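To keep things clear, I will list the structure first and then write my remarks on it.
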Amino acid sequence: MPAKRIAYITSRFPVLTETFIIREIEELRRKGIAVEVFSLKSRPSKGTLHGNARALIETTHYYPYFLSLAVWRAVFYYLFTEPAQCLGIMTKIIKTHILKPLLLLKTIAVIPKSFAIARALKKMGVTRVHAHWATIPTTAAWAIAKLNGTTYTFTSHAWDIYQEDTMLLDKIRDA
4 MPAKRIAYIT SRFPVLTETF IIREIEELRR KGIAVEVFSL KSRPSKGTLH GNARALIETT
64 HYYPYFLSLA VWRAVFYYLF TEPAQCLGIM TKIIKTHILK PLLLLKTIAV IPKSFAIARA
124 LKKMGVTRVH AHWATIPTTA AWAIAKLNGT TYTFTSHAWD IYQEDTMLLD KIRDA
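So for the sequence shown, our numbering puts the first residue at 4; every next one is plus one.
Structure (structure tokens):
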């Protein structure tokens, strides 16, 4: 088993137009780094996929359901073990997203999933988290880092820098 482990947080994985993520994961694995992929949405339905993506689907952790038992167990775990962090996360989300109600709802729906991923990472002993896109996946990574007392990194692209930059300065500062 590789000594180094990292979690990759994505909105949906794999996506045909984001094959660069697959290449990154493959390269990290070639270098001996274990990569655990976490998707905030369900596995892709039947359709065109990059050839190398098929094998990664089987090892990706999918968190599509807001109302799943695993998600809410993790929420209650952190409410009891890290109440100040939970309050801080929700306060920051509401304060920074209040003027964008649709984004606020999407983000609030992802936060419980972030708690579940944080709990899974804690059990796995994974302390490095990387998110693709500076939007909701990085908000999830930010929350995970707050809950577990770890760090995170993220990759941003033009759209999430110039079009949807909610919390971007906070995410950069905290990464």
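All C-beta atoms in this analysis are idealised placements derived from N, C-alpha and C, irrespective of residue type, glycine included. Only a predicted model underlies this, so the values are computations on that prediction, with no experimental measurement involved.
Three-state secondary structure assigned by DSSP to residue i
i: glutamate 39; result: strand
i: methionine 4; result: Confidence in methionine 4 is poor, its pLDDT being 49 and thus under 50, which makes the residue's placement too unreliable to answer from.
i: isoleucine 111; result: helix
i: phenylalanine 157; result: strand
i: tyrosine 65; result: strand
i: isoleucine 101; result: coil
i: glutamine 88; result: helix
i: leucine 59; result: helix
i: aspartate 168; result: coil
i: valine 18; result: coil
i: arginine 46; result: coil
i: leucine 106; result: helix
i: serine 71; result: coil
Heavy atom of the ligand SAM within 8 Å of residue i beta-carbon
i: valine 129; result: Summarising the ligand content, the structure contains no ligands, and the ligand SAM is consequently not present.
Endpoints, the beta strand (DSSP E) within which residue i is located
i: phenylalanine 23; result: Phenylalanine 23 -> not in any beta strand (DSSP E); alpha helix (DSSP H) instead, spanning 22 to 33.
i: arginine 131; result: 131 to 135
Alpha carbon of residue i to alpha carbon of residue j, nearest angstrom
i: leucine 19; j: alanine 121; result: 27 Å
i: lysine 98; j: alanine 137; result: 18 Å
i: methionine 93; j: glutamate 85; result: 13 Å
i: serine 110; j: isoleucine 96; result: A small fix is needed here, since residue 110 is threonine in this sequence, not serine. So the two alpha carbons sit approximately 8 Å from each other.
i: isoleucine 9; j: alanine 161; result: 24 Å
i: methionine 4; j: alanine 37; result: The pLDDT assigned to methionine 4 is 49, lower than 50, so where the model puts this residue is not dependable, and the model offers no usable value.
i: threonine 62; j: alanine 119; result: 17 Å
i: lysine 103; j: glutamate 167; result: 10 Å
i: asparagine 151; j: leucine 108; result: 24 Å
i: proline 67; j: tryptophan 75; result: 13 Å
i: isoleucine 147; j: threonine 154; result: 9 Å
i: leucine 170; j: serine 159; result: One point to set straight first is that residue 170 is methionine, not leucine, in the sequence displayed. Answer to the nearest angstrom: the Cα atoms are 13 Å apart.
i: glutamine 88; j: glycine 35; result: 33 Å
i: isoleucine 164; j: lysine 125; result: 30 Å
i: aspartate 177; j: asparagine 55; result: 33 Å
i: glutamate 21; j: aspartate 173; result: 25 Å
In DSSP terms, what residue i is bridged to
i: alanine 10; result: Glu39 and Val132
For residue j and residue i, believed in contact at Cβ under 8 Å, the rounded distance
i: serine 14; j: proline 115; result: Going by Cβ atoms, the distance from serine 14 to proline 115 rounds to 16 Å, so no, they are not a contact pair.
i: alanine 144; j: valine 129; result: Contact flag wrong, Cβ pair sits at about 12 Å.
i: phenylalanine 1; j: alanine 112; result: Here the chain comprises residues numbered 4 to 178, so residue 1 is not present and cannot be evaluated.
For residue i, the first and last residue of its enclosing alpha helix (DSSP H)
i: aspartate 173; result: 171 to 177
i: leucine 150; result: 139 to 151
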